[in-house]
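Here's the structure, in structure tokens; my notes come after.
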Amino acid sequence: MNKEKELVQLMEKKASIGRFHMTARERNDRVFAGALLLPSVLITVIFILVPVVDSVIKSFLNYKVKNIISGKPGEWNNFANYIKLFQNGKLGMAIVHTLLFVAAVVIAQFLLGMALALILNSDIRFTRFVRSIMMAPWVVPTIISGLIWMWLYQPQYGLLKYLIGLVTGGKVSDFAILNNPSTAMLGITIAALWKQIPLTTLLLVSGLTNVPGDLLEAATIDGAGSVKKFLYITVPSIMSVIKITVSMSIIENFKQFPLFWTMTGGGPDNATTTLAILSYREAFVSNNLGSGAAVTTVWMLLMIVVVFVYNRVFKDVDMN
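Numbering (the numbering used here), first residue to last: 126 to 445.
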């Protein structure tokens, strides 16, 4: 009996030593992982969180360029910047323009990108060549894209006017797309789609290549048509890719500034003034940094709300 007790005690002692060594090893792994994450955390805090907090604080101040020159802190004015922006109608107008632009581009971009992805994923010739050249618009810098489309839309000698003139026999006299308040937003939307659809298509094609082929074959044997196979097999199989692709599109178009500033500058008659344009105008044209920070704060909160609602909707879809 004594030998058995000694054996049990010895085994318990070895187990406790093993647990101690395992705990120490886990502690070292955590320290190493923390050391690897520390540079990323510092960069995020210094270059993202601190500027965001500073911008939110300045949105409640009467803070202008002269305060930077003189080194004097801004005066606290509570919600005066926000109230002024809402009262003069600038902020409400910019919010509507931003939401309309984001909705139009994201929906059209997904539908056109999915259509192109289905075509490129089929057994047609030259698909690899098309995949290679179709990324050219996405590689072109946004400002250069804006200049290209400004030339295409040019009312006197633009390419689109020339092509339409060939079709109509040269009867086109007024083709000022970017100078017309009713068509300027449409012109920018087309330019944004031209640049962003290639990446969306490439991401969706990568998702389509992972759709289980045996499920598609089984559905075909059971008599399912192309539409049913797409809705009940293809879409659920690439739902994670769709979610990431659409969320990237929402964020990208919410912060779209170069196209608007290059092509219209927010005009004509403020028809293309989004939150990005309004923030720039208030801060660097009107030299009111506090008002510009207020627009930026509303802009950031609106984007967070839209992305949150989108993720909630997609979560419910995944659960179903």
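Beta carbons: idealized from backbone N, C-alpha and C, even for Gly.
What's the C-alpha gap between residue i and residue j?
{"i": "V178", "j": "K440", "result": "30 Å"}
{"i": "V410", "j": "I429", "result": "27 Å"}
{"i": "H352", "j": "S331", "result": "Before going further, note that residue 352 is Val rather than His in the sequence given. Their Cα atoms are separated by approximately 20 Å."}
{"i": "P280", "j": "Y188", "result": "41 Å"}
{"i": "Y207", "j": "S184", "result": "8 Å"}
{"i": "P337", "j": "A344", "result": "11 Å"}
{"i": "V230", "j": "I249", "result": "28 Å"}
{"i": "F251", "j": "W319", "result": "21 Å"}
{"i": "A408", "j": "G290", "result": "43 Å"}
{"i": "I269", "j": "S374", "result": "20 Å"}
{"i": "F355", "j": "L311", "result": "30 Å"}
{"i": "S404", "j": "L384", "result": "15 Å"}
{"i": "V432", "j": "L210", "result": "24 Å"}
{"i": "V360", "j": "D154", "result": "40 Å"}
{"i": "Y282", "j": "V371", "result": "36 Å"}
{"i": "G159", "j": "A205", "result": "43 Å"}
{"i": "P266", "j": "A233", "result": "21 Å"}
{"i": "V221", "j": "P262", "result": "28 Å"}
Is DSSP giving residue i helix, strand or coil here?
{"i": "L186", "result": "strand"}
{"i": "N192", "result": "helix"}
{"i": "N378", "result": "helix"}
{"i": "N246", "result": "coil"}
{"i": "N452", "result": "This structure does not reach residue 452, given that the chain is present from 126 up to 445, and the question cannot be answered."}
{"i": "R437", "result": "helix"}
{"i": "F145", "result": "In this predicted model, F145 has a pLDDT of only 47, less than 50, meaning its place in the structure is not dependable; the value taken from the coordinates is given anyway. F145: helix per DSSP, three-state reduction."}
Less than 6 Å between C-beta atoms, sequence neighbours within five positions excluded: which residues of the same chain meet that for residue i?
{"i": "M425", "result": "none"}
{"i": "S180", "result": "A418, T421"}
{"i": "N246", "result": "V330, L333"}
{"i": "A401", "result": "F382"}
{"i": "F145", "result": "Interpretation of F145 is limited by its pLDDT of 47, a score under 50 that renders its predicted location unreliable; no figure is taken from the coordinates."}
As a quick exercise: from the options, pick the residue whose alpha carbon is nearest that of residue i.
{"i": "I302", "options": "L277, Q321, T326, I322", "result": "L277"}
{"i": "R437", "options": "T252, F385, K368", "result": "K368"}
{"i": "Q212", "options": "S416, I173, V434, P306", "result": "S416"}
{"i": "S362", "options": "V227, L341, P323", "result": "L341"}
Which same chain residues, not among the five before or five after residue i, have their C-beta less than 8 Å away from its C-beta?
{"i": "I168", "result": "none"}
{"i": "R256", "result": "L245, L327, V330"}
With a threshold of 7 Å, establish whether the CB of residue i neighbours any heavy atom of the ligand ATP.
{"i": "L328", "result": "The ligand ATP is not part of this structure, which contains no ligands at all."}
Could you name the residues of the same chain whose beta carbon sits closer than 7 Å to that of residue i, not counting the 5 residues immediately before and after it, in chain order?
{"i": "L186", "result": "G199, E200, W201, N202, G415"}
{"i": "N395", "result": "M218"}
{"i": "K215", "result": "L403"}
Counting only beta-carbon separations shorter than 8 Å, does residue i have a partner in chain B?
{"i": "S351", "result": "Structure shown: chain B not included; a single protein chain is present."}
Any alpha helix (DSSP H) of 4 or more consecutive residues that is wholly inside the stretch 267 to 329: Those alpha helix (DSSP H) runs which fall completely within the stretch 267 to 329 and span 4+ residues are 267 to 278, 284 to 293.
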